[in-house]
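Worksheet for the structure shown next.
Number of protein chains: 2
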Amino acid sequence: MTESRRKFRREGEAQRQGDLIAAALDLIAEGGPQAATVRAIADRAGVTPGLIRHYFHRKEDLIAAAYSAFAEQMTADHRTMLEGAGPDPLARLSRYVDRALRPPLTDPRQVALWAGFLHLVQSDPEMRAVHRTAYSAFREELRLLIEAAFAAEGRTADAARLRVEATACNALIDGLWLEGLVLSEEFTEAELARLGVAKIGALLDLPLERYLEE
Amino acid sequence: MTESRRKFRREGEAQRQGDLIAAALDLIAEGGPQAATVRAIADRAGVTPGLIRHYFHRKEDLIAAAYSAFAEQMTADHRTMLEGAGPDPLARLSRYVDRALRPPLTDPRQVALWAGFLHLVQSDPEMRAVHRTAYSAFREELRLLIEAAFAAEGRTADAARLRVEATACNALIDGLWLEGLVLSEEFTEAELARLGVAKIGALLDLPLERYLEE
DNA sequence: CGGATAATTCTGCAAGCGTATAATTGTCGG
DNA sequence: CCGACAATTATACGCTTGCAGAATTATCCG
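Listed in order, the protein sequences are those of chains A and B.
With our numbering applied, the first sequence closes on residue 221, and no number is skipped along the way.
With our numbering applied, the second sequence closes on residue 221, and no number is skipped along the way.
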């Protein structure tokens, strides 16, 4: 008799927002921003479209929140990269490069998300700010690692030199990260990471390979 | 009296297809695939939407043609990079890297297009084939340049070694290309190119800097 | 100069989009 | 166990989208 209305469970705000953000990120990673429609996001999150507007004023707000979550996840991944690493500067640098070229960071999904957000980041000033903050954190961390490694070898470098070295290293890591997407069938993840450590060593003239674990 | 109908000029098939493709690329570069609607493309090309269907069966076909044009333009740009270069292998390699890190290849538009097409390329097998062809051409050219440069220095390298070196060099170039987008305010184009040549030299242990022009 | 032809415009449609709001219903405190 | 209230669903609206086909008109050829 009663037209059956869909059953549901009430969830907290944090939970539902998280689900919706996760759903949006999934869809953007799979099919780009165009795939992340209100209906598709709601469907993936297991709710009805109207709920999105209950938690986010406009769809654009949800997408912005999703980008923030993406950036935060990446910085969090970076932060754990040096966990449990010893004090030896060269070992730390080696480990950093190694970790940067393994999952989860080399997951094709990450590249897909990065590409999917590119235009949004460029057009929206607020998202652009989030991007710049996250990005310069990576560069700064790498710069410090390089500076410490140089110091451990008794080498000194002024700020300009360090900036150049960090830029080149960052570029090589990013490039290999990109390459990983294209060459995923040709290189195993261990190979990619090993290659990265070796080549960063060559770039900086540091014996990093010696510090490769296992 | 007569309801004024829009005036138009008849153009050849090649001309109109080219206009439509150019319009689509413009829009994708500016706002991603979502910005390239049938109406927006027609508007930018100075025609009415119906005409698109006269030249392309579906919108998807136009987008695929646009991607092919993009890939072709990039390979054409690469081909001209070594034009007028002398026979000296190290000079050729140096020039190649230098040119790869200057406009037109470092135009932010190129990165935006690359990102915009990423999802389409991954989902459509035909576009994926176009991508692989273009991409492996770049890698092969770089591999040959490296092999020749090694030979000129009296060094030999087996195929596996060359593949690794080419991958690393390609990654560094791609990474700097990407970096150029983010750091365009921080680095002049000449700086980026010079940095690239120096660091490729460090990667391969070749004195490339000596061959920098002017 | 006139008629044929195909390039182009015009109009319309069904589906999907984001948004708005009213109607329900799960949940929790008393 | 019940009433209140917010979480959730349902429905609807206006706009845009890609696509289709009919109506025009520029151009070319005899």
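Yeah, the Cβ is synthetic: ideal placement off N, Cα and C, and Gly gets one too.
None of the values given here were measured: they were computed from a predicted structure.
Chain B contact residues for Ala209(A), given Cβ-Cβ distances below 7 Å = Here residue 209(A) refers to the residue found at position 202 when the first sequence is read from its first residue. Correct list: Ala209, Leu210.
Can you tell which of Pro96(B), Leu112(B), Arg106(B), His61(B) has its C-alpha closest to the C-alpha of Phe77(B)?
-> Here residue 77(B) refers to the residue found at position 70 when the second sequence is read from its first residue. When each option's Cα is compared against that of Phe77(B), the closest is Leu112(B).
How would you label Gln22(A), buried or exposed, when you count the other beta carbons within 10 angstroms and need 16 or more for buried?
-> Here residue 22(A) refers to the residue found at position 15 of the first sequence. Classification of Gln22(A): exposed, given that the 10 Å Cβ count is below 16.
Kindly list, in the order they appear in chain A, the residues whose Cβ is closer than 8 Å to that of Thr113(B).
-> In the second sequence, residue 113(B) corresponds to position 106, counting from 1. Those do not exist, as Thr113(B) stays about 12 Å from chain A at its closest Cβ, beyond 8 Å.
From this set, Glu18(B), Ala107(B), Pro115(B), Asp50(B), which residue's C-alpha is nearest Leu89(B)'s C-alpha?
-> Within the second sequence, residue 89(B) is the residue found at index 82, counting from 1. Checked all of Glu18(B), Ala107(B), Pro115(B), Asp50(B); the closest Cα to Leu89(B) is Ala107(B).
Kindly indicate which residue of Arg12(B), Ser11(B), Ala122(B), Tyr74(B) has the alpha-carbon position closest to the one of Ala30(B).
-> By one-based count along the second sequence, residue 30(B) stands at place 23. Comparing Cα-Cα distances from Ala30(B) to each of Arg12(B), Ser11(B), Ala122(B), Tyr74(B), the minimum goes to Tyr74(B).
Residues of chain A with a CB under 8 Å from the CB of Gly25(B): which are they?
-> Numbered from 1 along the second sequence, position 18 holds the residue referred to as residue 25(B). None at all; the shortest Cβ gap to chain A is about 24 Å.
Residue-chain proximity (Asp84(A), chain B), Cβ-Cβ < 9 Å | As a position in the first sequence, residue 84(A) is number 77, starting the count at 1. It does not; no Cβ of chain B falls within 9 Å.
Own chain, CB closer than 6 Å to Met81(A), minus 5 neighbours either side, in chain order | Counting from one through the first sequence, the residue named residue 81(A) turns up at place 74. Cβ within range, chain order: n/a, list empty.
Kindly say whether Met8(A), judged by its beta-carbon, lies nearer than 9 Å to any beta-carbon of chain B.
-> Taking the first residue of the first sequence as 1, we reach residue 8(A) at position 1. Any reading at Met8(A) is ruled out, since the residue's pLDDT is 46, under 50, leaving its predicted position unreliable.
Coarse secondary structure for Thr87(A), derived from DSSP in three states | Within the first sequence, residue 87(A) is the residue found at index 80, counting from 1. Of the three classes helix, strand and coil, the one that applies to Thr87(A) here is helix, per DSSP.
Could one say the Cβ of Glu186(B) lies closer than 9 Å to chain A's Cβ atoms, at least one of them?
-> Your numbering for residue 186(B) matches position 179 in the second sequence. So, interface residue.
At which residue ranges does the segment 71–119 of chain B contain complete alpha helix (DSSP H) runs of 4 or more residues, listed in the order of the chain?
-> 96–107
The segment 34–64 of chain B: positions lying closer than 7 Å to chain A by Cβ = Gly38, Gly39, Pro40, Gln41
So, Ser101(B) versus Glu216(B), is the Cβ gap smaller than 9 Å?
-> Taking the second sequence and counting its residues from 1, the one referred to as residue 101(B) is at position 94. Taking the second sequence and counting its residues from 1, the one referred to as residue 216(B) is at position 209. Yes, these two residues count as a Cβ contact at 9 Å.
Neighbour flag for Gln117(B) against chain A, beta carbons, 9 Å | For this step, residue 117(B) is matched to residue 110 along the second sequence. Cβ-Cβ to chain A under 9 Å: no for Gln117(B).
Check Arg162(B) in the structure and name its three-state DSSP category.
-> For the purposes of this step, residue 162(B) is taken as the residue at position 155 of the second sequence. Coil, per DSSP.
Contact list for Gly19(B) against chain A, beta-carbon separation under 7 Å = Counting from 1 along the second sequence, the entry for residue 19(B) is found at position 12. Per Cβ cutoff of 7 Å: no residues; Gly19(B) is ~32 Å from chain A at best.
Cβ-heavy atom distance, Leu89(A) to the ligand ATP, below 8 Å | The ligand content of the structure shown is nil, which means the ligand ATP is not present either.
Which whole runs of the alpha helix (DSSP H) in the segment 153–216 of chain B are 4 residues long or more, in chain order?
-> 166–189, 196–211
Does the beta-carbon distance from Ala159(B) to Leu58(B) come in below 9 Å?
-> Position 152 of the second sequence, counting from 1, holds the residue named residue 159(B). Position 51 of the second sequence, counting from 1, holds the residue named residue 58(B). Cβ distance not < 9 Å, so Ala159(B) and Leu58(B) don't count as in contact.
Apart from the five residues just before and just after Gln129(A), which ones in its own chain have a Cβ nearer than 8 Å to its Cβ?
-> Within the first sequence, the letter at position 122 stands for residue 129(A). Excluding sequence neighbours, Gln129(A) sits near Arg135.
Hey, how far is the Cα of Gln117(A) from the Cα of Ala43(A)?
-> Indexing the first sequence from 1 puts residue 117(A) at position 110. Indexing the first sequence from 1 puts residue 43(A) at position 36. The straight-line gap from Cα to Cα measures roughly 16 Å.
Do Arg146(B) and Ala173(B) have their CB atoms nearer than 9 Å?
-> To locate residue 146(B), count along the second sequence from 1; it is residue 139. To locate residue 173(B), count along the second sequence from 1; it is residue 166. Yes. Within cutoff.
Under 9 Å between the Cβ atoms of Trp121(A) and Ala122(B)?
-> On the first sequence, position 114 is the one that residue 121(A) refers to. On the second sequence, position 115 is the one that residue 122(B) refers to. Result yes, Cβ atoms of Trp121(A) and Ala122(B) sit closer than 9 Å.
Any C-beta of chain B sitting closer than 9 Å to the C-beta of Thr195(A)?
-> Locating residue 195(A) in the first sequence gives position 188, counting from the first residue. No, because no Cβ of chain B sits closer than 9 Å to the Cβ of Thr195(A).
To the nearest angstrom, report how far apart Gly161(A) and Leu213(A) are at their CA atoms.
-> Taking the first sequence and counting its residues from 1, one reaches residue 161(A) at position 154. Taking the first sequence and counting its residues from 1, one reaches residue 213(A) at position 206. If you take the alpha carbons of Gly161(A) and Leu213(A), they lie about 11 Å apart.
Helix, strand or coil at Pro56(B) [DSSP, three-state] | The count along the second sequence starts at 1 and reaches residue 56(B) at position 49. Reduced to three states, the DSSP call for Pro56(B) is coil.
Give a yes or no on whether 9 Å exceeds the smallest Cβ distance from Val104(A) to chain B.
-> Counting from one through the first sequence, the residue named residue 104(A) turns up at place 97. No, no contact with chain B.
Nearest-angstrom Cα separation, counted from Arg201(A) out to Arg65(B) | Here residue 65(B) refers to the residue found at position 58 of the second sequence. Here residue 201(A) refers to the residue found at position 194 of the first sequence. The straight-line gap from Cα to Cα measures roughly 46 Å.
Environment of Gly203(B) [buried if 16+ CB atoms lie within 10 Å] | Sequence index remark: in the second sequence, residue 203(B) carries index 196 (1-based). By the 10 Å Cβ count, Gly203(B) comes out buried.
DSSP state of Phe15(A), grouped into three classes?
-> The sequence position of residue 15(A) within the first sequence is 8, counting from 1. Correct three-state label for Phe15(A): coil.
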